[in-house]
Every structure is written in C-alpha cells, then in structure tokens.
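In this note's numbering, the protein residues as written are 10 to 736.
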C-alpha cells in the first residue's frame, strides 16, 4: 500500500469494548495510525480496550534480545512498566517493517536491530502516548499539558484512569506528526539495570515456541539427501530399501537436482528412509579440493601482487618504508572455514490454507528473501504468501542466506506435493555441519616496520580469501570498485592512526558456500591487526596498552571511544598486575558501530594446558537500552569467538566436509572460561550493535595472553591444531 500524504488521520474506532489502537512509524518516518477496522498499515504499537499494549517486533529473536529491547523503547515512551507490554513478531512486509539500514528489505543482521529501530520505535511509542493523553484531555475537559502517563495510568488534573479507557477515542484523532520524545533524564526503563528479558520465563518453562516445535495436523516431515561435495547433481535414486521403513511415504528429485527429498510420517522415519536411499550422483562439476589445496591457494595469493589496492596507497613506497625500517615484524595468518553450528538445526514448516495462501512457519531472519522466492515457486502474488516468524535457537548468520536456501528447499518439497498436507523440513545436526554455509577461509600477510625509536614507520597488509558478497543479491550493498568490504572491514576503517600503510586484497575461488558468520570479516581482521599490534609493541619494547594508545588520536571521536574502552578494560582487569603464574593479553576493536576492548588472563602452558582464568570486557555501544542484554551478548560473543579459535575448523577431503557433529566440531564448554566480567561505558550516543562486537577482540586477546606466557604466537587457527593445548 502506497501513502502519498505526509500524515494520515485515524479511522474511526469501533465501540470502546472492541477498540484497538494501532500506531506506527512508516518507512518514510511519518507517523501512521488506524482504528480497529483498519490493519493494513501494520504499525508497531497495538493497544486494546483493556489497556494491553503489544509491540510489533520487526526483528526476529534468535537470542540477541530485540523481543526485549524494542518493547522497552515503546514502553518507555508511552509510560509503562515492562510487565505491561507484550510483543509479537511482525508479518513479512518490507514496505512497513524494512530494516532501515538495508533499504526495502526486511531482515535482522549486522547488529542493526536496535540501531535502526531506536528512533522509529520511540517515535511510535511517543505518538501513542500523545494520542492517549489527547483523548483523556478531551474526555476530562482539561489541557493535555496537565496530563502524563505513568505505569499505564493517565494522571493529572486530579484524575487517574487506565489507558484502556481512552483507546476508542484516541482512534478518532489525528496522529501527531512529530511527537515529543522523552529526554534521557526522564528514562525509567532505558538503561535500567533491573529490566530483564521478556522471553526468559517462557524459554525456561518450555512454553516458548521455536520453529522446531511447530507440529501441524497431518503434516509430513521432509529431509533431503544432499551430495557429499558442493556442486553434485542428483540423477536418480533407488528407494527399494527405504520402502521397508515404517512411515516412509515417497521420495523425489528436487527440481534443482541439488538433492533428493524424502517424505515420511515423522522425523525418525525420514532419517531412516534417507539413510536407506541409494542416490545416483553426478559429481563431475563438484568441488574436489582438499583443505591443504585451499590453504595453499590463499597463501600463494598473499605472496603475489594484490588484485585490489584497497586504500589506493603507493604500495612500492610502503614496501620500501618497511624494508628500510630499523626493525621489521612479519607474520602470516591463516583462518579456516568455520560452521555456524547453532543449537537449533535449520527447519521450517509450510502449509496451504483453504483460500490458497502459502504460509511458512520459520525462525525467519530475512523474511523478504523467502517471500520473494515463494512468489516464484508458487506463482502467487505477495499478498498470498504469509511468513509467521518463530523464535530461533541461535543463528550466528546461518538463517540469513542470500538465496534463502533452506526455505527454498521447503518450498520446492511442498510444491511437488498435492499440498493437502503441511510439510516440515528438518535438518539434522550432521546436515548442518556438513551441508551448510561457512565463514570463508582467509589469509593475512602483514609486515610492520619500526624506526629506531620503536615507532611504526610502515605497515604493509595483504589479505586473500573467499568473497561472501560477490555473486549474490547483496553484491551492490558491499562490493565497490571490485572490493568486497566484508573481506577487509576492521582494517580499512581502523581508528588507529598508522602512517604509511597499504592494504591489498585478492579474491580466491570459493571452496563451498560461504556466508557471514558472527561479526563477518571482523572475525579475522581483528585477529591479524591486534596480534600484530602486540608483536610490534614487543619489538619496540613497549607496553601493549600504551603502544596502542599512542596510535589512537583522542581528538578524533572514534579513536577517543576506542581508547576509552581500552583504558577501562585495562583498569578493571588490573593490567600488568596478573597473579603468580598468570599473564594477560589485550585486544581492542570497533565493529558494527561499537567499541570493545578485552583483557584475557591465562595460566598454565601450551604444552600442559592453557587455563583461561578471566576475560575482562569493556564496551561502548552508545546508550545501553538493556544493560542486562548487553552484558549477555558480550559474554556470548566472547565465548563464541574464543571457543572457535581454541579448537574448531571445517576441513575438506576431496571437496567433502570431514566434520559431522559436536564431537568433532566442539562448541565452547561452560568450563572453558572461568569468569567473564563486562563493563559498559556510560554514553549519550545513539545505540549501536551488541550481538557481534564482543567476538572480534576475544581470540586475539587470548592469543596475546598465550604469547605472553610462552612466546608461542599462534598465527594459524584453530589453536589446538597449532601448538596449544587447553586444560
């Protein structure tokens, strides 16, 4: 629906007992509202006649907290307690619920949920507040300026009444074009340490409905037999043995020939029948390389002239400056493929209604992708497709593929049936580890020259790896002048003031499907940058914290914020005062608009086992809307980064993934890190990301701590495969 006016009057509401007030900010920033009889605007705030307020959450909940954060913004502006607001996930509608940073696309990712919703949701809440107050003022015959809303009650002029009393009247009024947003001094919920997650209880008592929990009447379960290596094609199959499995229904080659779908009455029958299926594969176009070959190709690219001169530097001059320096510190890094491995494997359920509408039940991270794909698969207009977003048990980026891979599988599996029965697509853990999308493999070659005084005289940096964005629908978003920014983010825009620096990039052939992984390119760029800063500090004979601060010009706001978290983390960790038998390592990095510094303290030795005693974290993410959520995301990001750096990698043998499940792709264990201490920098800046920024500094801080205790500087990951054992 297109609205050309700058404001929209409210439609008349129904009787007070049935009235529902819907309020929201349109994508163009204007306020929109509607009465109970009109819901086509799909706004962000819903208030019924009983005073129940529901926040319509446009970002899906995979554990990172938007189902708490976005309702907090609305509750703050209206004047509610947190127990007076509920939430529900928005339908798929990019015209209303688009991610403001992604353009006309509805999706969650890049730690943008709070950052792009901050003004939008506060404005929607403020509009609702002003309309309710105007309605109360009219009813009571007083000036609106005399009234306020506190804990869901309109108060003033000697009167008090619940907001539900004024919903019907509010629905007859004009929406304010520019409602007053509360001053931070008025905040009672935003930044409140006592606000807890809205979804904790239901996740604790089993009431939470994850996508895997969906079980529709008469549904079938579908599983797909996929080729061992990327690029294999199914030619046919023999299901003679599968027919002996109780509950097996049938099998069919997908129209894409990318696999064979097995239909069964339940999950166990689908697993058994798939195992019994004999598929004829054409592997002539499949990936055949081993991990060593992939690594060698990346290393060879690092030794050759870069394909792209990212920062347009005089590379010869930089090389000359490094060569002529008093000391040269050089290191070559390698980062392997990594799986996302969320706790809930991929799944979704699809059905057709009596009216012919296609409904997808899914933990949909980017609803616009499958919505568009289903329009093609089912040859239906967008209004005949509905996506019901469920809770998701993690993602780390895996549920946000450019080609909507698993949803397309489900759609194709369903379109090949008579559509009389819902189809639930289920991936096993082995499917997830062996057949998914991966953090790409990357290499870095860095040479740093130091002058006689120990100052950086030149920094030569080369990066080679597999582009995530090229060849996808997101290419125009991140690729400019041939450079995929996700390959070099964290280096190209580093707040460090490093003189005479060059940055070159070379794309290498993709070994498998590659995808953004928690913190995307920052996963490897932060490691290379921060390990090199430590090595340079050591060569200069200077303290690592002091050395970093020397290259952070605090007259620059970004550098000042980075210096601020570095100083705070060092202070809170007792930098330089580690106990007997312990050492510390530090790293600091900016990603997704947030600044994070971490100090890791370890004991033991690489030979007998490193013990991670403590991680101290300082984060500057602007206004911390929900401090409890911010701390949890820092803790989770730290654990995710350290756990993978310790022992995880995806390796290939003749193009096939070697790892299968958690025994050989082991996630972080609760005992791997003894303690994590998070400190949030007070800020008046607008909120920035917290889902990912805790990950990048964690692994280099650990690496630097290990180097301090043993002189073993790990340049290739995982650490457990490169000279470090853990207790």
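For glycine and all other residues, C-beta sits at the position ideal for the given N, C-alpha and C.
Could you confirm whether any beta carbon from chain C is found closer than 8 Å to the beta carbon of residue i?
i          : result
residue 88 : The displayed structure is made up of one protein chain only, and chain C is not part of it.
Looking only at C-alpha atoms, which of the options sits nearest to residue i?
i           : options            : result
residue 334 : 124, 468, 137, 707 : 468
residue 200 : 700, 652, 631      : 631
residue 237 : 444, 537, 643      : 444
residue 331 : 493, 700, 480, 509 : 509
residue 501 : 318, 377, 618      : 318
residue 695 : 646, 641, 82       : 82
residue 603 : 534, 273, 700      : 700
residue 206 : 95, 586, 295       : 95
residue 350 : 674, 698, 289, 605 : 674
residue 726 : 435, 204, 533      : 533
residue 621 : 580, 562, 683, 633 : 683
residue 327 : 465, 130, 367, 55  : 465
residue 246 : 57, 218, 378, 285  : 285
residue 374 : 58, 676, 73        : 73
residue 723 : 498, 342, 637, 542 : 342
residue 370 : 397, 78, 665       : 397
residue 599 : 560, 504, 680, 262 : 504
residue 324 : 368, 511, 733, 474 : 511
residue 129 : 143, 146, 107, 120 : 107
residue 452 : 535, 161, 264      : 535
Look up residue i in the DSSP assignment and say whether it is helix, strand or coil.
i           : result
residue 283 : helix
residue 683 : coil
residue 46  : Reliability fails at residue 46, whose pLDDT of 35 lies under 50, so the model's placement of it is uncertain and the value that follows must be treated cautiously. Three-state DSSP puts residue 46 in coil, outside helix and strand.
residue 536 : helix
residue 127 : helix
residue 290 : strand
residue 734 : coil
residue 551 : coil
residue 639 : helix
residue 519 : coil
residue 136 : helix
residue 717 : helix
residue 678 : coil
residue 37  : The predicted model places residue 37 with a pLDDT of 48, which falls under 50 and marks its position as unreliable; any figure quoted below should be read in that light. Coil.
residue 68  : coil
residue 301 : helix
residue 479 : coil
residue 394 : strand
residue 295 : coil
residue 561 : coil
Report yes if the C-beta distance between residue i and residue j is below 8 Å; otherwise report no.
i           : j           : result
residue 537 : residue 450 : no
residue 409 : residue 116 : yes
residue 67  : residue 372 : no
residue 159 : residue 88  : yes
residue 365 : residue 393 : yes
residue 231 : residue 251 : no
residue 337 : residue 438 : no
residue 659 : residue 347 : yes
residue 420 : residue 382 : yes
residue 744 : residue 140 : The shown model of the chain, from 10 to 736, leaves out residue 744, and the question about it has no answer.
residue 721 : residue 615 : yes
residue 717 : residue 618 : no
residue 148 : residue 110 : no
residue 554 : residue 575 : yes
residue 406 : residue 698 : no
residue 579 : residue 463 : no
residue 742 : residue 613 : As displayed, the chain neither begins before 10 nor continues past 736, which places residue 742 out of reach and without an answer.
residue 377 : residue 98  : no
Tell me whether residue i, by its Cβ, gets closer than 7 Å to a heavy atom of the ligand GTP.
i          : result
residue 58 : Ligands displayed in this structure: none; no statement on the ligand GTP is therefore possible.
query = Would you call the stretch 616-627 and the stretch 187-201 touching, i.e. three or more CB-CB distances under 8 Å?
reply = Three or more Cβ pairs closer than 8 Å define a contact, and the stretch 616-627 falls short of that threshold against the stretch 187-201.
ask   = Which runs of the beta strand (DSSP E), 3 residues or longer, sit entirely within the stretch 225-278?
value = The stretch 225-278 contains these whole beta strand (DSSP E) runs: 229-234, 242-247, 257-262, 269-273.
task = Mind listing, in chain order, the continuous alpha helix (DSSP H) runs of no fewer than 4 residues lying wholly within the stretch 427-472?
result = Taking only runs of at least 4 residues, the alpha helix (DSSP H) segments lying wholly in the stretch 427-472 are 438-444.
key: Ranges of the beta strand (DSSP E) found wholly within the stretch 90-123, counting only runs of at least 3   = Qualifying beta strand (DSSP E) stretches, in chain order: 94-98.
inquiry  = Contact between the stretch 703-723 and the stretch 524-541 is defined here as three or more beta-carbon pairs at a separation below 8 Å; is this criterion met?
reply    = Touching, per the Cβ criterion.
ask   = What are the complete alpha helix (DSSP H) segments, minimum 4 residues, inside the stretch 174-230?
value = Along the length of the stretch 174-230, whole alpha helix (DSSP H) runs at least 4 residues long occupy 176-179, 209-214, reported in chain order.
ask   = At which residue ranges does the stretch 304-384 contain complete alpha helix (DSSP H) runs of 4 or more residues, listed in the order of the chain?
value = For the stretch 304-384, the full-length alpha helix (DSSP H) segments reaching 4 residues or more read 324-332 along the chain.
Touch test, the stretch 647-664 against the stretch 706-723, Cβ-Cβ under 8 Å, three pairs minimum = Remark: three or more beta-carbon pairs, one from each stretch, lie closer than 8 Å, so the stretch 647-664 and the stretch 706-723 are flagged as touching.
ask   = For the stretch 149-176, which segments carrying the beta strand (DSSP E) assignment without a break, of at least 3 residues, lie completely within its bounds, in sequence order?
value = Within the stretch 149-176, the complete beta strand (DSSP E) runs of at least 3 residues are 157-159, 162-165, 168-171.
request  = Would you check if the stretch 122-139 and the stretch 184-191 touch, i.e. whether three or more CB-CB distances between them fall below 8 Å?
outcome  = Flag = yes, the stretch 184-191 and the stretch 122-139 touch.
key: Sequence ranges, beta strand (DSSP E) only - wholly within the stretch 585-649, length at least 3   = Fully enclosed beta strand (DSSP E) runs of 3 or longer: 591-600, 603-614, 618-629.
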